[in-house]
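Asker: Just passing along the structure, written as structure tokens.
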Amino acid sequence: MRTRNATPADAAALADVLEELVNSGQRSKASDAEFVRSHYLAHPDLIRCAICEDRDGQALGLQSLKHARAGNPYGTPEGWGIIGTHVRPSAARRGVGRRLWAWSLSAARGAGLVKIEAYIGAENAAALAYYGQAGFETWRETDDAIGKVYTLD
0 MRTRNATPAD
10 AAALADVLEE
20 LVNSGQRSKA
30 SDAEFVRSHY
40 LAHPDLIRCA
50 ICEDRDGQAL
60 GLQSLKHARA
70 GNPYGTPEGW
80 GIIGTHVRPS
90 AARRGVGRRL
100 WAWSLSAARG
110 AGLVKIEAYI
120 GAENAAALAY
130 YGQAGFETWR
140 ETDDAIGKVY
150 TLD
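In structure tokens:
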């Protein structure tokens with residue numbers, strides 16, 4: 000496996016990752032290449048979008064790390080980071096998430112972030128477990144989501 004910064008040329012491959020999540024019932028949001036470009040690759044608040052690929056170059060997952068600005072859609076406090084992780088169901092439990100997290104953690108430190116929030120659907124047991132294993136702690140809950148925060152040293 001290889002992890003690297005995603006580029007605009009990766010939009011279709013990352014859309015395939017999201018589409019596999021849609022087809023498995025684990026995602027209901029948009030999953031096309033234009034969505035990937037606008038929300039992950041070219042977002043104005045982007046710190047880093049990482050891609051993890053297998054040895055044949057197939058995208059296995061992505062992780063987006065953004066600056067939390069005032070009025071962001073998650074209600075994440077301004078100045079924190081916002082993280083989102085998407086791993087192909089067929090690549091689950093293969094270390095993709097761990098590799099992506101190491102890449103993003105380095106970027107977070109480089110950006111001077113103090114805290115990172117993952118805002119997770121309350122029913123998404125796999126994501127809640129993943130972020131818990133990565134050291135994120137629950138700090139807020141709504142009827143349909145759980146905010147987990149990671150505090151950088």
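For the sequence shown, numbering that gives the first Met the number 0 gives the first residue as 0, with consecutive numbering after it.
Glycine included, each C-beta is placed from N, C-alpha and C at the ideal position.
State the beta-bridge partners of V86 as determined by DSSP.
Answerer: According to DSSP, V86 bridges with G60.
Asker: Please classify W100: is it buried, with 16 or more other beta-carbons within 10 angstroms of its beta-carbon, or exposed?
Answerer: With 16 or more other Cβ atoms within 10 Å, it is buried.
Asker: Going by C-alpha to C-alpha distance, which of S37, H66, T141 sits closest to I46?
Answerer: I46 has its Cα closest to that of H66, out of S37, H66, T141.
Asker: Could you pull the start and end residues of the alpha helix (DSSP H) that E33 belongs to?
Answerer: It spans 32-35 - the alpha helix (DSSP H) in which E33 sits, taken as one unbroken run.
Asker: Hey, could you find the ends of the alpha helix (DSSP H) L20 is sitting in?
Answerer: Here the alpha helix (DSSP H) through L20 covers 10-22.
Asker: Do you know offhand how far Y118's Cα is from G131's?
Answerer: The alpha-carbon atoms of Y118 and G131 are separated by roughly 12 Å.
Asker: Applying the 10 Å Cβ sphere with the 16-neighbour rule, what's the burial state of T150?
Answerer: Under this definition T150 is an exposed residue.
Asker: Just how far apart, CA to CA, sit H42 and R36?
Answerer: Roughly 8 Å between the two C-alpha positions.
Asker: Residue range of the beta strand (DSSP E) that Y118 falls in?
Answerer: Note, Y118: beta strand (DSSP E), 114-120.
Asker: From the DSSP output, which residues share a beta bridge with L45?
Answerer: BP columns for L45 point to K65.
Asker: Who does Y149 pair with in a DSSP beta bridge?
Answerer: Beta-bridge pairing links Y149 to I115.
Asker: Distance check for T141 and A12, CA to CA, integer angstroms please.
Answerer: Between A12 and T141, the C-alpha separation is close to 33 Å.
Asker: Nearest CA to the CA of G120: which residue from P7, Y73, L40, S23?
Answerer: The candidate whose alpha carbon is nearest that of G120 is Y73.
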